[in-house]
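J.:
In this note's numbering, the protein residues as written are 1 to 255.
(1) What did DSSP end up calling residue 93 once you bin it into helix, strand or coil?
(2) Per DSSP, what kind of secondary structure is residue 81 in: helix, strand or coil?
(3) Which of the three DSSP states, helix, strand or coil, is assigned to residue 59?
(4) Do you know whose CA, among 247, 216, 226, 249, lies nearest residue 30's CA?
(5) Short of 6 Å in beta carbon distance, which residues of its chain neighbour residue 17, apart from the five on each side in sequence? Order them along the chain.
(6) If distances are taken between C-alpha atoms only, which option among 188, 11, 39, 97 comes closest to residue 203?
(7) Three-state secondary structure (DSSP) at residue 161?
(8) Where residue 83 and residue 192 are concerned, what is the direct C-alpha to C-alpha distance, given to the nearest angstrom?
(9) Would you check if there are 3 or more beta carbon pairs closer than 8 Å linking the segment 173 to 189 to the segment 153 to 161?
(10) Count the other C-beta atoms from every protein chain shown that fall within 10 angstroms of the C-beta of residue 136, then say buried if there are 16 or more, exposed otherwise.
(11) So the candidates are 211, 111, 227; which of them puts its Cα closest to the Cα of residue 89?
(12) Answer with buried or exposed for residue 117, where buried requires no fewer than 16 other C-beta atoms within 10 angstroms of its C-beta.
(13) Considering only residues of the same chain and omitting the five flanking positions on each side of residue 5, which have a CB-CB separation below 6 Å?
(14) Which residues does DSSP list as the beta-bridge partners of residue 194?
(15) Name, in chain order, the residues that DSSP records as bridge partners for residue 139.
(16) Which residues in the same chain have their Cβ closer than 6 Å to the Cβ of residue 32, if we skip the five residues on either side of it in sequence?
(17) I need the straight-line Cα distance from residue 207 to residue 92, nearest angstrom please.
(18) Can you tell me whether residue 220 is buried or exposed? The criterion is at least 16 other CB atoms within 10 Å of its CB, across all chains shown.
(19) Can you check which of these residues, 235, 25, 166, 152, is closest to residue 143 by C-alpha distance?
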């Protein structure tokens with residue numbers, strides 16, 4: 001009986017964590033380059049149940065009668081790096097990546113990554129809207145005054161003069177999974193990212209932005225499903241609590 005309450009409570013906690021992820025996805029449905037998250041759950045190991053106290057059965061010669069699983073828990077939050085839809089803006093400094101890869105930026109001396117290509121320029125430096133410096137092959141990208149053209153390979157020309165090439169970093173599937181979200185739509189590497197960086201093989205589209213890959217309809221369906229699962233677990237706790245209370249009262253009356 002107590003185990004059933006623990007299992008239902010664990011289900012409620014897991015659904016709360018799932019709901020946090022879904023609501024965060026919905027909140028960023030219009031965020032440029034945002035990548036949705038999904039929750040990966042894991043079951044606890046099955047526990048063997050045995051008959052131990054039946055008449056004629058020894059304590060150390062008990063008979064197995066089946067298995068019970070105490071429930072599931074959140075194992076990881078996985079970021080889905082699927083391509084978002086492109087939106088044409090016509091802005092010279094708006095860039096979108098077609099294919100797998102991330103822009104390399106630097107903030108407070110730390111190298112970070114992003115799919116948000118809505119860049120701006122301040123004091124001649126190319127940067128994100130939050131002030132992270134966009135990196136080129138020669139470090140911070142310094143742009144002179146003039147007409148800016150960025151081709152599909154990320155090569156930057158100002159008044160037909162080559163300036164620098166935007167750094168795009170690609171990763172293996174394991175490398176993408178090892179990235180961790182930071183603030184301002186950025187990603188940072190983890191201890192598991194080493195050795196997963198590979199060459200970028202996609203293209204850069206100037207005058208476009210990549211939208212969020214969140215499917216609002218799917219997320220709303222997920223929200224309803226999680227809510228119903230949470231309510232079911234809550235009802236199960238109420239039922240089991242009532243059954244336990246009746247059992248205790250019956251034992252007290254018989255005593």
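From the three backbone atoms N, C-alpha and C, an ideal C-beta is built for every residue, glycine too.
Predicted model only: the values in this text are computed from it and were never measured.
T.: This is what the structure gives:
(1) Residue 93: coil per DSSP, three-state reduction.
(2) DSSP, read as helix, strand or coil, puts residue 81 in coil.
(3) For residue 59, the predicted structure reports a pLDDT of 48, less than 50, and the residue's modelled location is therefore unreliable. The matter cannot be settled from this model.
(4) Of the candidates 247, 216, 226, 249, the one whose C-alpha sits nearest the C-alpha of residue 30 is 216.
(5) By the criterion of a C-beta distance shorter than 6 Å, residue 17 is surrounded in its chain by 74, once the five residues flanking it on both sides are discounted.
(6) Here the closest residue by C-alpha is 97.
(7) The answer is strand: DSSP assigns residue 161 an E or B state.
(8) Residue 83 and residue 192 have their C-alpha atoms some 23 Å from each other.
(9) With a cut-off of 8 Å, the segment 153 to 161 and the segment 173 to 189 do not count as touching, because too few Cβ pairs lie within range.
(10) The Cβ neighbour count for residue 136, taken over all protein chains shown within 10 Å, is at least 16; the residue is labelled buried.
(11) Residue 89 has its Cα closest to that of 211, out of 211, 111, 227.
(12) Buried, because 16 or more other Cβ atoms sit within 10 Å of the Cβ of residue 117.
(13) So the qualifying residues of the chain are 237, 240.
(14) Residue pairing by DSSP places residue 194 opposite no residue, since no beta bridge is assigned to it.
(15) When DSSP reads this structure, residue 139 sits in a beta bridge with 136.
(16) Here the set comprises 116, 118, 209.
(17) Residue 207 and residue 92: Cα-Cα distance of roughly 5 Å.
(18) Residue 220 is exposed by the Cβ-count criterion.
(19) Out of 235, 25, 166, 152, 166 has the C-alpha closest to the C-alpha of residue 143.
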